[in-house]
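As structure tokens, the structure follows; a few thoughts come after it.
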Amino acid sequence: RIDDNGAKRKTEIKIGNITVGKDFLVIAGPCSVESEEQIMTIAKAVKSSGANMLRGGAYKPRTSPYSFQGLGRVGLQYLSKAGLETGLPIITEVVDTRDVYLISEYTDVLQIGARNMQNFSLLVEVGKVRKPVLLKRGMNATIEEWLNCAEYILNAGNPNVILCERGIRTHETYTRNTLDLSAVAAAKGLTHLPVVVDPSHATGRIDLIHPMTLSSIMAGCDGLEIEVHSSPNDALSDNDQQLTPSQFNSLMKDIKETLAFR
Ligand code: PEP
Ligand code: MN
């Protein structure tokens, strides 16, 4: 069970050369895979700055049906090629139970998005595959609801779950969401699962990613998921919150310093 032995037993998940839960995880990459060249350029940049996993969305059901919806299978192929070329394991979101097996063939980690946190049939389906799952907290979910969703995946047979705090909805409109740092520390104490933070979707603001990243580290997170784009202003999704490779590079330096201090 998820609360089994609380703080004592810690889940460690081996993915390529890294052990999540032991090594600090830094997932970086664009919101969406837009072209082969785009993902390859960004993959090389984030790798050289020290990221140890590459992200990129291929299936992107957006708030508006008229917005870019992702490249689908072709996007998975580009992402996988960029991962192989750089040696970075890859993570991408699965939004439909029918795509779980197809996406598992390409990716190292399956991401469940905030909007699907309580999609119970999807949770059971990713529980049946042998790939680690990163479970994002729903924007309206309590900590208990979030942990119960992780339990669905564990119960279906997959012990390799990573929790991800990505901000919740509050009355505040200045930020896209409100980063709940107390949930990070709470989840670390309540479960044996690794907990990572996504400061990009949590804030939706370039200027807040740096302070919230360092605060997340001090709150005890096991890793980060940060959106990086080579040309954020031209991005086909989330162009207000993606760091440039050079912004990411300087953030990485401060991440390393903060980790040494923690
Ligand atoms: C994402 O990380 O690509 C994403 C859509 O984030 P969230 O599910 O947290 O909104
Ligand atoms: Mn995004």
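At position 15 of the sequence shown (counting the first as 1) the number is 23 in UniProt numbering, and the numbers step up by one without a gap. All C-beta atoms in this analysis are idealised placements derived from N, C-alpha and C, irrespective of residue type, glycine included.
Taking 8 Å as the limit between beta carbons, can you name the residues of its chain near Ile-21, skipping five residues before and five after?
Contacts found: Thr-27, Val-28, Gly-29, Pro-140, Asn-168, Ile-170, Pro-202.
What's the call for Lys-261, buried or exposed, on a 16-neighbour Cβ count within 10 Å?
Label assigned to Lys-261: exposed.
Select from Val-103, Pro-97, Asp-188, Ser-223 the residue whose C-alpha is nearest the C-alpha of Lys-52.
Taking only the C-alpha atoms, the option nearest Lys-52 is Pro-97.
Residues in its own chain within less than 6 Å of His-200 by CB, not counting five upstream and five downstream?
So the qualifying residues of the chain are Arg-17, Lys-18, Thr-19.
Please find out if some non-hydrogen atom of the ligand PEP comes closer than 7 Å to the beta-carbon of Ala-122.
Within the cutoff, so yes.
Tell me the residue span of the alpha helix (DSSP H) that contains Arg-63.
No alpha helix (DSSP H) holds Arg-63; the beta strand (DSSP E) holding it covers 61-63.
Can you list every residue whose CB sits closer than 5 Å to some heavy atom of the ligand MN, going in chain order?
Qualifying residues, in the order they occur: Cys-39, Asp-246.
Pull up the DSSP beta-bridge partners for Ala-36, would you.
In the DSSP output, where bridge partners are listed per residue, Ala-36 has Leu-62, Ile-234.
Between Gly-65 and the ligand PEP, is there a pair consisting of the residue's CB and a ligand heavy atom that are separated by less than 7 Å?
Yes, since a heavy atom of the ligand PEP falls inside the 7 Å radius drawn around the Cβ of Gly-65.
To the nearest angstrom, report how far apart Tyr-182 and Ala-149 are at their CA atoms.
Their Cα atoms are separated by approximately 20 Å.
Could you tell me whether any non-hydrogen atom of the ligand PEP is closer than 7 Å to the CB of Glu-42?
False, no ligand heavy atom lies under 7 Å from that Cβ.
Based on DSSP bridge pairs, tell me the residues matched to Leu-171.
Bridge partners of Leu-171: Leu-143, Val-203.
Could you tell me if Gly-83 is buried or exposed, where buried requires 16 or more neighbouring beta carbons within 10 angstroms of its beta carbon?
By the 10 Å Cβ count, Gly-83 comes out buried.
When the Cβ atoms of the region 36-53 are set against those of the region 212-221, are three or more pairs found closer than 8 Å?
Result no; under three Cβ-Cβ pairs closer than 8 Å.
Taking Cβ to Cβ, would you say Glu-101 is nearer than 8 Å to Gly-121?
Contact flag set, yes.
Given the structure, does His-209 come close to the ligand PEP, in the sense that its CB is under 7 Å from one of the ligand's heavy atoms?
Yes, the beta carbon of His-209 sits closer than 7 Å to at least one heavy atom of the ligand PEP.
Who pairs with Val-28 in a beta bridge, going by DSSP?
In the DSSP output, where bridge partners are listed per residue, Val-28 has Ile-21, Asp-31.
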